[in-house]
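2 protein chains.
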Amino acid sequence: MAVITIFSRGETKEVTLKARGQAISTAVDVAEITRRKFIKNLRVEHVNLGTEEMPNQEGGTRSVSTIEITLTKSF
Amino acid sequence: MAVITIFSRGETKEVTLKARGQAISTAVDVAEITRRKFIKNLRVEHVNLGTEEMPNQEGGTRSVSTIEITLTKSF
Chain A
1029 MAVITIFSRG
1039 ETKEVTLKAR
1049 GQAISTAVDV
1059 AEITRRKFIK
1069 NLRVEHVNLG
1079 TEEMPNQEGG
1089 TRSVSTIEIT
1099 LTKSF
Chain B
1029 MAVITIFSRG
1039 ETKEVTLKAR
1049 GQAISTAVDV
1059 AEITRRKFIK
1069 NLRVEHVNLG
1079 TEEMPNQEGG
1089 TRSVSTIEIT
1099 LTKSF
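Chains as they are written, first to last, in the numbering used here: chain A, 1029 to 1103; chain B, 1029 to 1103.
Written out as structure tokens, the structure reads:
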């Protein structure tokens, strides 16, 4: 909904979705559903994969995968 | 392991990981862990997002997000 709202204001042509871990598949769902069902002139501009070090309960860190999906609206 | 095995034979320079739904985050983990921990000269060549129609139990279909991650080894 937030992605649709941002684009519907008409002032923004680019939105980047960022997600970590299990939420990565949700971010892909958001990109795909927005593009297919709601905003037809939207395309995936680029996708970046990465890794972040997150603090764990033992005072150490664990590696978590990340995704950044940039959506661009053409006018 | 399969990705590491394929690249370790030395004959292949490109592998594409494909995943659907919740497995998308696992595919990103595989790409990131392989690249960071095992094969240093590996890079994410491109990432494609998509949607597949899967048959459901009621005889209809449901949309499932997909990802394709192409990894390339430079020599």
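In this text, a Cβ means the ideal position worked out from N, Cα and C, and glycines have one as well.
Query raised in the report: residue 1077 of chain B versus chain A: which residues are under 9 Å apart at the beta carbon?
Result: 1056, 1059, 1060, 1063, 1072, 1075 and 1097
**Report entry** Contact set between the region 1030–1059 of chain A and chain B, restricted to residues whose Cβ is under 8 Å from the partner
**Finding:** Of all residues in the region 1030–1059 of chain A, the ones placed with a Cβ closer than 8 Å to any Cβ belonging to chain B are 1049, 1050, 1051, 1052, 1053, 1056, 1057 and 1059, in chain order.
Query raised in the report: Would a check of beta-carbon distances place residue 1102 of chain A closer than 7 Å to chain B?
Result: Not closer than 7 Å to any Cβ of chain B, the Cβ of residue 1102 of chain A fails to qualify, so no.
Query raised in the report: Mind checking residue 1063 of chain B: buried by the 16 CB within 10 Å criterion, or exposed?
Result: buried
Requested in this report: Look up residue 1090 of chain B in the DSSP assignment and say whether it is helix, strand or coil.
Outcome: strand
Query - The alpha helix (DSSP H) enclosing residue 1054 of chain B, as first and last residue numbers - result: 1051–1061
**Report entry** For residue 1100 of chain B, the nearest candidate out of B:1043, B:1049 and B:1032 (CA to CA)
**Finding:** Closest by alpha carbon: B:1043.
Query - Beta-bridge partners of residue 1095 of chain A, as assigned by DSSP - result: A:1047 and A:1077
Report task. Compute the beta-carbon to beta-carbon distance between residue 1032 of chain A and residue 1066 of chain A, rounded to the nearest angstrom, for a pair I have assumed lies under 8 Å. Result -> 5 Å
Query - Three-way DSSP call (helix, strand, coil) for residue 1040 of chain B in this model - result: coil
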